[in-house]
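Worksheet: one structure, shown below.
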Amino acid sequence: MRVFNFNPGPAMLPTEVMEQAQHEFSDYHKTGCGIMEHSHRGAEFTEVIETAEKNIRELMNIGDEYAVLFIQGGASLQFAMIPMNLHVPGTSMEYADTGAWSAAAIKEAKFIGDVKVVCSSKDTKYNKIPDIRHWKLDAKASYLHITSNNTIFGTQYHSFPDSKVPLIADMSSDFMSRVVDVDQFSLIYAGAQKNIGPSGVAVVIIKKELVKRTPANLPTMLKYGTYIDSNSLYNTPPTFGIYMIRLVTDWMKKKGGLAAIETINDAKSEALYETIEEGEFYSNPVEPASRSKMNVVFRLPSEALEEKFVKEAKAKGLIGLKGHRSVGGIRASIYNAMPLEGVEKLIDFMNAFEKANS
Numbered sequence: 000m001r002v003f004n005f006n007p008g009p010a011m012l013p014t015e016v017m018e019q020a021q022h023e024f025s026d027y028h029k030t031g032c033g034i035m036e037h038s039h040r041g042a043e044f045t046e047v048i049e050t051a052e053k054n055i056r057e058l059m060n061i062g063d064e065y066a067v068l069f070i071q072g073g074a075s076l077q078f079a080m081i082p083m084n085l086h087v088p089g090t091s092m093e094y095a096d097t098g099a100w101s102a103a104a105i106k107e108a109k110f111i112g113d114v115k116v117v118c119s120s121k122d123t124k125y126n127k128i129p130d131i132r133h134w135k136l137d138a139k140a141s142y143l144h145i146t147s148n149n150t151i152f153g154t155q156y157h158s159f160p161d162s163k164v165p166l167i168a169d170m171s172s173d174f175m176s177r178v179v180d181v182d183q184f185s186l187i188y189a190g191a192q193k194n195i196g197p198s199g200v201a202v203v204i205i206k207k208e209l210v211k212r213t214p215a216n217l218p219t220m221l222k223y224g225t226y227i228d229s230n231s232l233y234n235t236p237p238t239f240g241i242y243m244i245r246l247v248t249d250w251m252k253k254k255g256g257l258a259a260i261e262t263i264n265d266a267k268s269e270a271l272y273e274t275i276e277e278g279e280f281y282s283n284p285v286e287p288a289s290r291s292k293m294n295v296v297f298r299l300p301s302e303a304l305e306e307k308f309v310k311e312a313k314a315k316g317l318i319g320l321k322g323h324r325s326v327g328g329i330r331a332s333i334y335n336a337m338p339l340e341g342v343e344k345l346i347d348f349m350n351a352f353e354k355a356n357s
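Numbering (numbering that gives the first Met the number 0), first residue to last: 0 to 357.
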């Protein structure tokens, strides 16, 4: 039985993409072997990586002044690569603290230089995105870093700061889930395992001019310029992960692009939040203006009921609903691959569970 997978990442992939990968797994395009077995410098994989990049550029309307890179190490490696490459000596690096992953990025940046936290919602248990209008920004900072969506706490930016310095965004959990003006940003990065593929690879979109900042003594594999100059092929890249990104972005184009995907994502999240707000059995701790369209978190009247909810949901083919260990509760991650049908089935279960346990 194919279940509806609400895990926060690695997350659900489109069924037709999984089936295509299964079909091609041991014999890619009648070559007699799988794409994982092909040389990363051969014609077959060259077509894969070039198409993956082309798809991302088309879907996000990315200009030639940006490079699109595929880098191993996930978003966590980017927490270190960004300050290593982009910190300007004598200036601070500015970070918005809106959750566990922004805190992790701040921790890494502090190894490199001075960090200024321009806002934080930690005191209110990260239940909101602090009002951008009240941020005190330094026009001479190296850059400003934000985390566009917070998987653990269920918050998301619905507008972005107007920054006079390079704006950098960790978009790991809402990457390519909505239309975004890439020109607002100098660097966007995202681990693939939530919206566009499996774990093990990060997509980095970076203004090429930024690499001028990179210190000459930085090790080769930690320089963005290395990946730009080699088209992400300096060493053997995560070929299967990039192949899956290619298939997922092909699927996105068939679905009508990011505007169409955003419309579906809006419908899914709105339906879930409406169900939560209808009565008093379920509750959401996030301020309405900051609620995530990717990770819907909610609580039940007791932890015992939450454990029962997760167990009974799993028996119904609804998996991955347990909240993060640091906060508890329930979390429904409804990334691009989650169909409206899956959310509707979850809502039906929620209504039945409330009726049986009120």
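Using N, Cα and C, we set each Cβ at its ideal position, and we do this for glycine too.
Integer-rounded CB distance, given that residue j should sit under 8 Å from residue i
| i | j | result |
| --- | --- | --- |
| isoleucine 260 | asparagine 335 | 6 Å |
| lysine 222 | asparagine 84 | 7 Å |
| phenylalanine 5 | isoleucine 263 | The Cβ separation is near 16 Å, so there is no contact. |
| phenylalanine 173 | methionine 293 | With the sequence shown as reference, residue 173 is identified as aspartate, and phenylalanine is not the correct amino acid for it. About 5 Å separates the two Cβ atoms, so the contact holds. |
| alanine 140 | glutamate 93 | 5 Å |
| tyrosine 142 | valine 164 | 5 Å |
| serine 231 | phenylalanine 69 | 4 Å |
| leucine 271 | isoleucine 346 | 7 Å |
| glycine 62 | proline 82 | Not a contact, Cβ separation roughly 25 Å. |
| isoleucine 227 | lysine 254 | Not really, about 30 Å apart at Cβ, beyond 8 Å. |
| serine 91 | aspartate 137 | 6 Å |
Between the CA atoms of residue j and residue i - distance to the nearest angstrom
| i | j | result |
| --- | --- | --- |
| glycine 87 | isoleucine 167 | Per the sequence shown, residue 87 should be read as valine rather than glycine. Cα to Cα, valine 87 sits roughly 15 Å from isoleucine 167. |
| glutamate 306 | glycine 328 | 9 Å |
| isoleucine 275 | alanine 191 | 29 Å |
| leucine 12 | glycine 89 | 44 Å |
| alanine 50 | arginine 56 | Reading off the sequence, residue 50 comes out as threonine, not alanine. Whole-angstrom Cα-Cα distance: 10 Å. |
| serine 268 | histidine 144 | 26 Å |
| glycine 278 | methionine 175 | 33 Å |
| threonine 225 | methionine 170 | 22 Å |
| histidine 157 | threonine 146 | 12 Å |
| leucine 217 | methionine 243 | 31 Å |
| tyrosine 281 | serine 75 | 33 Å |
| arginine 1 | lysine 310 | 17 Å |
| serine 350 | leucine 299 | Checking the sequence shown, residue 350 turns out to be asparagine, not serine. Cα-Cα distance, rounded: 12 Å. |
| glycine 332 | alanine 312 | Residue identity differs from the one stated: residue 332 is serine in this sequence, not glycine. About 14 Å. |
| threonine 235 | serine 38 | 9 Å |
| alanine 266 | alanine 355 | 27 Å |
| lysine 109 | alanine 103 | 10 Å |
| phenylalanine 352 | histidine 28 | 47 Å |
| alanine 66 | valine 203 | 8 Å |
| alanine 42 | glutamate 64 | 26 Å |
| isoleucine 131 | serine 229 | 38 Å |
| glutamine 183 | proline 160 | 9 Å |
| asparagine 194 | glutamate 46 | 22 Å |
| arginine 245 | glutamate 23 | 13 Å |
Simplified DSSP assignment, three categories, for residue i
| i | result |
| --- | --- |
| phenylalanine 69 | strand |
| lysine 92 | Here residue 92 is methionine; the residue named in the question, lysine, does not match the sequence. In this structure, methionine 92 counts as strand in the three-state DSSP scheme. |
| asparagine 148 | strand |
| glycine 224 | helix |
| leucine 12 | coil |
| tyrosine 125 | coil |
| serine 141 | coil |
| serine 176 | coil |
| asparagine 4 | strand |
| aspartate 113 | coil |
| leucine 136 | coil |
| serine 185 | coil |
| phenylalanine 101 | Checking the displayed sequence, the identity of residue 101 turns out to be serine instead of phenylalanine. Note: serine 101 maps to helix in three-state DSSP. |
| isoleucine 48 | helix |
| isoleucine 167 | strand |
| threonine 154 | strand |
| serine 268 | helix |
Same chain, Cβ closer than 8 Å to residue i, five either side skipped, listed in chain order
| i | result |
| --- | --- |
| valine 129 | Checking the sequence shown, residue 129 turns out to be proline, not valine. Contacts found: Ala95, Thr97, Cys118, Ser119, Ser120. |
| lysine 315 | Lys344, Phe348 |
| leucine 58 | Met175, Thr248, Met251, Lys252, Gly256, Leu257 |
| cysteine 32 | Ser25, Asp26 |
Nonlocal neighbours in the same chain, by C-beta distance under 7 Å from residue i, ignoring five residues either side
| i | result |
| --- | --- |
| tryptophan 250 | Pro13, Glu15, Val16 |
| phenylalanine 322 | Note on identity: in this sequence residue 322 is glycine, with phenylalanine being the wrong assignment. Cβ within range, chain order: Val296, Gly328, Ile329, Arg330. |
| isoleucine 105 | Tyr94, Asp96, Val114, Val116 |
| methionine 35 | Thr238, Phe239 |
| threonine 213 | Asn84, Lys222, Tyr223, Gly224 |
Own chain, CB closer than 6 Å to residue i, minus 5 neighbours either side, in chain order
| i | result |
| --- | --- |
| serine 291 | Asn148, Gly153, Thr154, Gln155 |
| glycine 73 | Gly190, Ala201 |
| glycine 341 | Phe3 |
| leucine 186 | Ile167, Ile205 |
| serine 289 | Lys127, Ile128, Thr154 |
| isoleucine 48 | Ile241 |
| valine 210 | Tyr223, Gly224 |
Where are the beta strand (DSSP E) runs, 3 residues long or more, that stay fully inside the stretch 287 to 341, in chain order? Counting only runs of 3 or more residues that sit fully inside the stretch 287 to 341, the beta strand (DSSP E) segments are 294 to 297, 329 to 332, in chain order.
Complete alpha helix (DSSP H) runs within the stretch 191 to 254 (minimum length 4 residues, chain order): 223 to 228, 238 to 253
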